[in-house]
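Trainee: Going by this note's numbering, the first residue of the sequence shown is number 270, and it counts up by one from there. C-beta: ideal position from N, C-alpha, C; glycine also.
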Amino acid sequence: MADYLVIVESPAKAKTIGKYLGKRYAVKASMGHVRDLPKSQLGVDVEHGYEPKYITIRGKGDVIKSLRTASKKAKKVFLAADPDREGEAIAWHLQHILELNPDDQCRVVFHEITKDAVKNAFKSPRKIDMDLVNAQQTRRILDRLVGYRLSPLLWRKVKKGLSAGRVQSVAVRLIVDREKEIRKFQPEEYWTVDVTCPVDSKKLTSRFYGYDEVKTPLPNEEAVNELLKRIEGQPLNVRKVKKSERRRNPAAPFTTSSLQQESARKLGFRAYKTMAVAQQLYEGLDIPGEGTVGLITYMRTDSTRIAESAQSEARDYIRSEFGAPYVPDKPRQYSKKDDAQDAHEGIRPTSTLRHPEQIKDHLSRDQYRLYKLIWERFVASQMASAVLDTTSIDSEANGAWFRATGSVIRFPGFMAVYIEGKDDGDEDEDSKLLPPVSEGQVLKQSKVVPEQHFTQPPPRYSESSLVKAMEELGIGRPSTYAPTIDTILKRGYVLLEQKRFIPTELGEIVVELLVENFNQLIDVDFTANLEGELDSVEEGYADWVKLLDGFYNQFERDLEHAEESLEHVELKDEVSDIPCEKCGKMMVYKNGRYGKFLACPGFPECRNTKAITKEVGVNCPKCGKPLLERRGKRRKVFYGCSGYPDCDYVLWQKPTGQLCPICEHPMVEKHAKGKVSVVCSNEKAHPHAAPLEESEKRKSS
């Protein structure tokens, strides 16, 4: 029989830790939280110090009974939940339920699930940290007060089933405010003029810079025509050739936020999926020859600090695999944000020597892709800087100056392993390779390309850029980003269209009501300051009851005012011109988790619904009926025959409206490596691709 009982959150974590501790330790899982506030009532006594009324979570009876039986037989109980606020609270609730001595040193914390880390943690257990527990309780109570007091008001005034949250409402406001910016945006015309000149067997393309070395915009076609007339038949005289060396440093190891952003950019993972897969890598997977082992350090962190032992191992690996020039003189240290919690390391592999390719066959596809991303980011973060030669060539024709810029990688450094992805609006560096020219050289024009452009509105938030904005503004904490995004989608406040967030009418109405009546609650700065106060509670500098009191007094006054002044808002459904085939009523547009759909207004008597489809101007090559744009359950767009289910023809690429000159199948757009080509949808039978012209690109985007 085991002498000691160890309680963790999950069976996977229990299995991994149990292997390291041996037979004297029984390791069991609590399956997450065992106590919480009741769902049927507020569960907070606001009149008596905001005392929470915890109850056992429904369905946890058998788990708790098993843990109580095991704890009574054990000489000592260790609580080894995750090393954060939430984990500390789980340990505290378990301590209460199992009636353990509150002064007992029963709390065990480790930041990676490896044999050495686990064994060392059990050498120095500590008491439950009540500052951490109080920080978690305060956040939970704040969210309960907002949710259970404000949501019923929205039910009465707007629509049943609505909810409001302290963090989620601010996230929706960001999306709504961005949409307003887009609507107000007035595009401005501007032009570019590119001149191409042959240089030996190569070409040099330069863009108009200005007149007499002064940067000059081209606002309209008249200005362009004046320029074209001025340079017509004129050679380009190379006036300046500037070469310089530039060093580019690697990105820091992942934090929770940067991991969610990068996995969205590079892997297409939703934030929720990123955290779920990372949890699996952290808790441990079976690796032949090693058994069950944790592959990454704890994945909820906003620190980029790395343990010296991990840095040393990485430097040895880099020196062995790439050579001494790829190892910086000193281990890299990354500065932390002012509000970063430095209790955990950055996210890294538990061993650099566990190369992704070596364990690929033992991981699922998603596990492998995320582990590879984490491994590459960490290894690159410990490597030497890249060295680039940048070149700028200024040429002049009759007072008009043109410029060509480019860069060449002289030494790849960290870029040999990994380069960070980019969001919309982040300027990419020009990596064009320029032909060799010298000052005084005269170049003959071979092609002049004037092109009209219009300034673009700010892009809608992607999941990556929304997480980035929330982090920069201090809204929520790393552990809250994924559930916040999931919640606002489920509530129907926003839609995710082509990986971009668009507010629904409901989302805009709710935000407007909250701004008018609860401005403090939905204010970005206030929410960020509140996060800072929660951190102060965790660090023992602030009283959690006073924090709650300061928030709730104003919130209560706002509630009373809104109850009296807020009028009922009627949300009218948009009526379509499509009759319901079951009852004849005109169907209306509804918003669901997967986007808009058509529904009968006679609900619940008539429950007929239909997907929204649109013709794409191309007929099915099998039966001749129109092809329709459709969406699958995962929001993926496809193009299927309107004759379905009698005809099952389907395309996964966008038809261009043209037919293949060989087989008359639809021509489609093919996206690869940032380029777009037009290919036959039947290209396996006969590859027939053509480049998609810029004008066609703009039409299709």
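Work out the CA separation of VAL763 and LYS282 for me, nearest whole Å.
Mentor: 35 Å
Trainee: Could you tell me the alpha carbon to alpha carbon distance between ASN951 and PRO914, rounded to whole angstroms?
Mentor: 22 Å
Trainee: State buried or exposed for ARG413, treating a residue as buried only when at least 16 other CB atoms are found within 10 Å of its CB.
Mentor: buried
Trainee: Where LEU274 and SER335 are concerned, what is the direct C-alpha to C-alpha distance, given to the nearest angstrom?
Mentor: 12 Å
Trainee: Consult DSSP for HIS365 and reduce its assignment to one of helix, strand or coil.
Mentor: helix
Trainee: Check the C-beta distance from MET936 over to VAL919 and give it rounded, since I have them as a contact under 8 Å.
Mentor: The Cβ separation is near 16 Å, so there is no contact.
Trainee: Kindly indicate which residue of HIS934, LEU867, LEU419 has the alpha-carbon position closest to the one of CYS892.
Mentor: HIS934
Trainee: CB-CB under 8 Å to TYR480, same chain, minus the five flanking residues each way: which ones, in chain order?
Mentor: GLY668, ALA669, TRP670
Trainee: Do GLN406 and PRO321 have their C-beta atoms closer together than 8 Å?
Mentor: Between GLN406 and PRO321, the gap from beta carbon to beta carbon is short of 8 Å.
Trainee: Are the CB atoms of ALA649 and PRO486 within a distance shorter than 8 Å?
Mentor: no
Trainee: Who does PHE347 pair with in a DSSP beta bridge?
Mentor: VAL275
Trainee: Can you find the residues in the same chain that come closer than 8 Å, C-beta to C-beta, to ILE397, ignoring five residues on each side of it along the sequence?
Mentor: LEU348, GLU357, ALA360, TRP361, GLN364, PRO371, CYS375, ARG376
Trainee: Tell me the DSSP secondary structure of ASP314 in three-state form.
Mentor: strand
Trainee: Taking contact to mean at least 3 C-beta pairs separated by less than 8 Å, is the region 642-661 in contact with the region 574-592?
Mentor: Short answer: they touch.
Trainee: Over the uninterrupted alpha helix (DSSP H) stretch that includes ILE757, give me the two end residues.
Mentor: 747-759
Trainee: Is it right to say GLU278 is buried, meaning 16 or more other beta carbons lie within 10 angstroms of its own, or is it exposed?
Mentor: buried
Trainee: Please confirm if the region 720-728 is in contact with the region 556-571, defined as three or more CB-CB distances below 8 Å between the two stretches.
Mentor: no
Trainee: On the premise that ALA751 lies in contact with GLN529, defined as a C-beta separation below 8 Å, what is that separation, rounded to the nearest angstrom?
Mentor: 7 Å
Trainee: How big is the Cα-Cα spacing for PHE795 and CYS849?
Mentor: 48 Å
Trainee: Is GLY801 helix, strand or coil by DSSP?
Mentor: DSSP places GLY801 within a helical segment (H, G or I) once states are collapsed to three.
Trainee: Hey, would you say LEU816 sits closer than 8 Å to ARG418, going by beta carbons?
Mentor: Against a cut-off of 8 Å, the Cβ pair of ARG418 and LEU816 comes out as no contact.
Trainee: Excluding the 5 residues flanking LYS388 on each side, which residues of the same chain have their C-beta closer than 7 Å to its C-beta?
Mentor: These residues qualify, in order along the chain: TYR289.
Trainee: Here's the rule I'm using: 16 or more other beta-carbon atoms within 10 Å means buried, otherwise exposed. How should GLY745 be labelled?
Mentor: buried
Trainee: Taking the Cβ atom as the reference point for each residue, do PHE866 and THR882 lie within a distance shorter than 8 Å?
Mentor: no
Trainee: Our contact map puts CYS910 next to CYS875 with C-beta atoms below 8 Å; I'd like the distance itself, whole angstroms only.
Mentor: 27 Å between Cβ atoms; not a contact.
Trainee: Ends of the alpha helix (DSSP H) at PRO421?
Mentor: 399-426
Trainee: What residue from ARG447, SER432, GLU448, GLU490 has the CA that sits closest to GLU457's CA?
Mentor: Comparing Cα-Cα distances from GLU457 to each of ARG447, SER432, GLU448, GLU490, the minimum goes to GLU490.
Trainee: Among all the DSSP beta bridges, which residues are the ones paired with ARG899?
Mentor: PHE907
Trainee: Verify the CB distance criterion: does ARG418 have a CB-CB separation below 8 Å to chain B?
Mentor: Of the chains in the structure shown, none is chain B; there is only one protein chain.
Trainee: With DSSP as the reference, please indicate the residues paired to ASP917 in a beta bridge.
Mentor: Its beta-bridge partners do not exist; DSSP assigns none.
Trainee: Sort out for me which residues DSSP pairs SER475 with in a bridge.
Mentor: Beta-bridge partners assigned by DSSP to SER475: VAL464.
Trainee: Alpha carbon to alpha carbon, how far is ASN788 from GLU833?
Mentor: 17 Å
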